[in-house]
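The structure appears below as structure tokens.
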Amino acid sequence: MKTKIEDLHKIYSNGRSGPVEALRGVNLEIGSSEFVSIVGPSGCGKSTLLMIVAGLVEATSGRVIFLNERQERRPSAGIVFQELALFPWRTVAGNVSYGLEELGLPKKERKERIRKLLQMTGLEGFEDSYPHQLSGGMKQRVAIARAMATEPRLLLMDEPLSSLDAITRQQMQMELSRIYESGSMSFLYVTHDISEAVFLADKLVVMSKRPGRVLGTFSVELPRPRTQEVRKLKSFLELVAGVTDLLEKEWEPPPLESP
Amino acid sequence: MNPPTADPKRKALGASSLAGVLLAWELLGQMGVISPLFLPPLSAVIGDGLELIKSGDLLGHLASSLWRILWGFLIGAGVGVFLGLTMGISRLADASIHPLIAATYPIPKIALLPLLILWLGLGEGSKIAVIALGVFFPVVVNTRAGVLDVDPLLVKAALALGSSRAGIAWKVLLPASLPMIFAGLKLGAGVALLLLVTAEMIAADKGIGFLVISAANLMQTTRLLFGIMVLALLGLLSNWLLATLEKALLPWKSETQGPKLQTR
Chain A
1 MKTKIEDLHK IYSNGRSGPV EALRGVNLEI GSSEFVSIVG PSGCGKSTLL MIVAGLVEAT
61 SGRVIFLNER QERRPSAGIV FQELALFPWR TVAGNVSYGL EELGLPKKER KERIRKLLQM
121 TGLEGFEDSY PHQLSGGMKQ RVAIARAMAT EPRLLLMDEP LSSLDAITRQ QMQMELSRIY
181 ESGSMSFLYV THDISEAVFL ADKLVVMSKR PGRVLGTFSV ELPRPRTQEV RKLKSFLELV
241 AGVTDLLEKE WEPPPLESP
Chain B
260 MNPPTADPKR KALGASSLAG VLLAWELLGQ MGVISPLFLP PLSAVIGDGL ELIKSGDLLG
320 HLASSLWRIL WGFLIGAGVG VFLGLTMGIS RLADASIHPL IAATYPIPKI ALLPLLILWL
380 GLGEGSKIAV IALGVFFPVV VNTRAGVLDV DPLLVKAALA LGSSRAGIAW KVLLPASLPM
440 IFAGLKLGAG VALLLLVTAE MIAADKGIGF LVISAANLMQ TTRLLFGIMV LALLGLLSNW
500 LLATLEKALL PWKSETQGPK LQTR
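Right under this line is the structure:
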């Protein structure tokens, strides 16, 4: 499934100091089974973009099209929120089960799918734990498994690793690449960590500060599967440097007005 | 009420302080420090109580009281949870019902008993109604607050996973507000006991409240004290029932903690 984002504008009219323009004319294409990372300064409307693609926020103008889609009951896009939003009253298995229940899958089939998902995300043995009993990294896995359960064609992720410590974070980046490489899902992945964005992506999109626009797009031609070795490649480091340069210009303070 | 049970030392301390008070009570009576008319010794109270149990009188009083409080609680809590959820979910319902509730909440419910007797007669109806009213208010207010307090992101997560509006109400808003609903139920249980006893003292010829007031009128202090002990047990029982139910329904809530400041 290809996803096309066409000339998306978003203005929040209820801002505290008048309307806030979050997105200004964003165009973006996510290919079938493509991993697209978005980086940009905080408050650049990245989260808004994801919410619009997920259908949780309405765009002021422009549209999101899912191409080549057969008529299916399952949601086109799954989402992993920055704050995870796990259901605290449900166990790990119960959280993963939620979307499957809403699809109306019979119990036996749900069980089988949950088992596979928990295996894939390394959560075996934690089926009956509640979210508050898990570490940050484990909760992260639950949120990913829950979003993947309905087998969406596109998985949206909003800075899912930002609350983890550096080591867990690198491990989860490897896990994510493995999950991506072993399936056929497309990913739209928002982060403010440049090297994370490069490490994961096939395509990297740099966004401007508010109002969010696409500043530039990089094609990431690094070998897969992505391993820790990839981080040492010259092309990896050059890409990180290139993206950093582009963002640096964006972060420059506005020039002082001449008298 | 959920005392921290893990520590056997604490448990022993709690039991011994209770035993100490009971022993002091017994001794004060036995030594004649206080006239038995004001404070008969514990043993006399229990002796009188045993007689009440043997004659079957107590069972009759207890049955009437339990019947009233059970129905009153169930009706009040049921309507309260339902209306609270409705108000939390629907803006229209909230706008039309909430002002009514806010305006009538401060009325001391016992003041409505004469009116209820006028409407429903001296039978069970008026007593059950006053208890139901007393339970309804804390439950409806807590339930509504619980629903309004649900993290909107959880609703978004459910929407993204394909939930309908009804699905969200049933599978997100209700379970997420259960802790608040239980807080309301516990408050309601306390109010129910209070109203039960008062109503039975004012207008009943059976029930524990009636037992207490009639014993007082006849200066039967042992019987009066025994009635109070039964009421205390009734209160403990209802607390325990609610706590057990809460534990079964909310295994995801971490256990109630003891006092934060440890003194060792």
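Residue numbers (the working numbering), protein chains in the order written: chain A, 1 to 259; chain B, 260 to 523.
Where a beta carbon is used, it is the ideal one built from N, C-alpha and C, also for glycine.
Predicted, not measured: the structure shown is a model, and the values here were computed from it.
Residue-level contact check: Lys-445 (chain B) does not touch chain A, since none of the beta carbons of chain A fall below 8 Å from its beta carbon. In this structure Phe-395 (chain B) touches Gly-335 (chain B) by the C-beta definition: roughly 4 Å separates them, less than 8 Å. In the three-state DSSP reduction, Asn-14 (chain A) falls in the coil class, being neither helix nor strand. Going by beta carbons, Met-185 (chain A) and Ser-33 (chain A) fall inside the 8 Å limit.
With fewer than 16 other beta carbons inside 10 angstroms of its own, Asp-464 (chain B) counts as exposed. In the DSSP secondary-structure assignment, Val-205 (chain A) is bridged to A:Ile-38, A:Thr-217. Nearest Cα to Leu-84 (chain A) within the set A:Ser-76, A:Val-142, A:Leu-176, A:Lys-209: A:Val-142. Here Glu-102 (chain A) is buried: its Cβ has 16 or more other Cβ atoms, across all protein chains shown, within 10 Å. When Cβ-Cβ separations below 8 Å define contact, Glu-102 (chain A) makes contact with chain B. The segment 475 to 484 of chain B and the segment 298 to 310 of chain B touch, with three or more beta-carbon pairs separated by less than 8 Å. Under DSSP, Asp-158 (chain A) takes part in a beta bridge, and its partners are A:Val-190. Look at the beta carbons and you see the segment 45 to 53 of chain A not touching the segment 119 to 136 of chain A: under three pairs across the two are nearer than 8 Å. Three or more beta-carbon pairs separated by less than 8 Å link the segment 98 to 116 of chain A to the segment 421 to 434 of chain B, which places the two stretches in contact. Taking the CA atoms as reference points, Thr-168 (chain A) sits about 33 Å from Asn-27 (chain A).
The three-state reading of DSSP puts Lys-2 (chain A) in strand, counting E and B together.
In this structure, Gly-288 (chain B) places its C-beta atom within 8 Å of the C-beta atom of Leu-298 (chain B). At a cut-off of 8 Å, the C-beta of Leu-413 (chain B) has a neighbouring C-beta in chain A.
Put simply, the backbone Cα of Gly-339 (chain B) is about 45 Å away from that of Phe-187 (chain A).
Contact of Pro-88 (chain A) with chain B is assigned, a C-beta pair being separated by under 8 Å. For Phe-396 (chain B), the enclosing alpha helix (DSSP H) stretches over residues 383 to 407. Contact annotation for Ser-422 (chain B) against chain A: Glu-102 [CB-CB distance below 7 Å, chain order]. Remark: C-beta atoms of Ile-390 (chain B) and Gly-468 (chain B) do not approach each other more closely than 8 Å. Within chain A, the C-beta atoms nearer than 9 Å to that of Gly-426 (chain B) come from Glu-101, Glu-102, in chain order.
DSSP places Ala-370 (chain B) outside any alpha helix (DSSP H), giving it a letter other than H or E.
At a Cβ-Cβ threshold of 8 Å, Leu-504 (chain B) and Leu-433 (chain B) do not count as neighbours. Boundaries of the alpha helix (DSSP H) around Ile-360 (chain B): 350 to 363. Assigned with DSSP and collapsed to three states, Phe-87 (chain A) falls in coil, not helix or strand. The CB of Leu-56 (chain A) comes closer than 7 Å to the CB of Lys-415, Leu-418, Ala-419 in chain B, given here in chain order.
Among the CB atoms of chain B, one or more fall inside 8 Å of the CB of Phe-81 (chain A). Residue-level contact by beta carbon fails for Thr-121 (chain A) and chain B, as no gap is shorter than 8 Å. Within the segment 5 to 37 of chain A, not one residue has a Cβ closer than 8 Å to any Cβ of chain B. The three-state reading of DSSP puts Ala-462 (chain B) in coil, since its state is none of H, G, I, E or B. The C-beta of His-192 (chain A) comes no closer than 8 Å to any C-beta of chain B.
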